[in-house]
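A short worksheet on the structure shown next.
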Amino acid sequence: MFGSHFYHATVRKSVAVFGTMFNNITVARKKGDGSLINQVKVPLAYGPKQKFLSRLDSDTGQDASVAIKLPRMSFELTGIELDTSKKLSKRTEIIEPATTGTTTQRNVIKQAVPYNINMQLNIMAKNQDDGLQILEQILPYFQPEFTLSIKPVDDFTSFKQDVPIILGGVSFDDQYEGDYNSRRVLIYTLDFTMKMSFYGPVGNSAVIRQINIDFTENANSANNISEMDITIGGSDTESSYTVTTTIDNTDFE
307 MFGSHFYHAT VRKSVAVFGT MFNNITVARK KGDGSLINQV KVPLAYGPKQ KFLSRLDSDT
367 GQDASVAIKL PRMSFELTGI ELDTSKKLSK RTEIIEPATT GTTTQRNVIK QAVPYNINMQ
427 LNIMAKNQDD GLQILEQILP YFQPEFTLSI KPVDDFTSFK QDVPIILGGV SFDDQYEGDY
487 NSRRVLIYTL DFTMKMSFYG PVGNSAVIRQ INIDFTENAN SANNISEMDI TIGGSDTESS
547 YTVTTTIDNT DFE
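Taking our numbering, the leading residue of the sequence shown gets 307, the next gets one more, and so forth.
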């Protein structure tokens, strides 16, 4: 049953889509009178917050002479779990016309299962105002979810999936402990859940173009039998087709 290779890069696409949402956030620095001094774009990178905190605390190595830039954001994948609240029928199929242009075949996916992909976004800043500016540019869009449309299977040109991204909670940590030489770091942690689906391999399914129906006019007698053939041409398409109906009456007496 298993062993036929396929790869839709579902998790990779999830990480890329999630990071794209936060790659254009800026922080504005102003004077006391409210005039703008400058506006900087907040760097975003994939990785756990411990990685960036260790660089802040590092006294040796290539980063020792250059301090890490704050504010910045990081995000990471924290877990994958089955979505038990969203059960799909085992007979559910995703179908679209074959990419080769043939009218007798269809692309089909017969296996799909919903999963929750847990993501975590960390906002790191050296002062409270920078962190709050970043946070306020994110929170209004999640009520508590924000929905994106993605193309989950590359071999399906028209199939798209709506992916709700749910904000589950926000926590705050102030790294104030240490001596006067230590840098202060404010960390806002946002936990998200992406409602994704994993899809099975893409296969081919033949198109039904002929139907044969046998019926009788009298339900109490099997002597009068009629046969109806409904046929669609082999080269017909969904937008241009001709239906041919043939009825053959057979009377057994």
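All C-beta atoms in this analysis are idealised placements derived from N, C-alpha and C, irrespective of residue type, glycine included.
Using CA atoms only, rank isn't needed, just tell me which of GLN345, ASP460, GLU451 and ASP480 is closest to MET430. ASP480
Span of the alpha helix (DSSP H) holding PHE324? 316-326
Are the segment 381-399 and the segment 342-349 in contact at 8 Å, needing three or more beta carbon pairs? no
Just how far apart, CA to CA, sit GLN467 and LYS355? Approximately 30 Å, taken between the alpha carbons.
Could you tell me which of PRO507, LYS501, GLN516 and VAL508 sits nearest to THR390, measuring between CA atoms? When C-alpha distances from THR390 are compared across PRO507, LYS501, GLN516 and VAL508, the shortest belongs to LYS501.
Own chain residues within Cβ distance below 6 Å of GLU533, not counting five before or after: ASP520 and ASP554
Taking ILE423 and ILE400 to be in contact with their CB atoms under 8 Å, please state how far apart those CB atoms are, rounded to whole angstroms. That pair is no contact at about 20 Å.
Just the Cα atoms here: how many angstroms apart are THR550 and ILE514? Separation of THR550 and ILE514 (C-alpha to C-alpha, rounded to the nearest whole angstrom) is 14 Å.
Is VAL372 buried or exposed, if buried means 16 or more other CB atoms sit within 10 Å of its CB? Note that VAL372 has pLDDT 42, beneath the 50 cutoff, so the model's placement of it is unreliable and no number is given.
DSSP on SER503, reduced to helix/strand/coil? strand
Selected residue, minimal CA-CA separation from ALA334, among ARG397, LEU496, THR495 and PRO377: PRO377
Do you know offhand how far ALA315's Cα is from PHE462's? 14 Å
Can you tell me which of the three DSSP states GLN439 falls into? In the three-state reduction of the DSSP assignment, GLN439 falls in the helix class.
Where does GLN449 fall in DSSP's three states? Looking at GLN449 - three-state DSSP - the assignment turns out to be coil, as it is neither helix nor strand.
Residue closest to PHE328, alpha-carbon to alpha-carbon, out of LEU441, ASP339 and LYS392: Among LEU441, ASP339 and LYS392, the Cα nearest to that of PHE328 belongs to LEU441.
Could you name the residues that DSSP lists as bridge partners for ILE471? PHE452 and MET500
Within 9 Å, strictly: CB atoms of ILE427 and PHE498: Here residue 427 is Leu; the residue named in the question, Ile, does not match the sequence. In this structure, PHE498 lies closer than 9 Å to LEU427 by Cβ.
Nearest by alpha-carbon distance to ASN298: which of PRO507, LYS457, SER503 and ILE444 is it? Examination of residue 298 is not possible in this model, given that the chain is present from 307 through 559 alone.
Which two residues bound the contiguous beta strand (DSSP E) that contains PRO349? That residue, PRO349, is in no beta strand (DSSP E); it is neither H nor E in DSSP.
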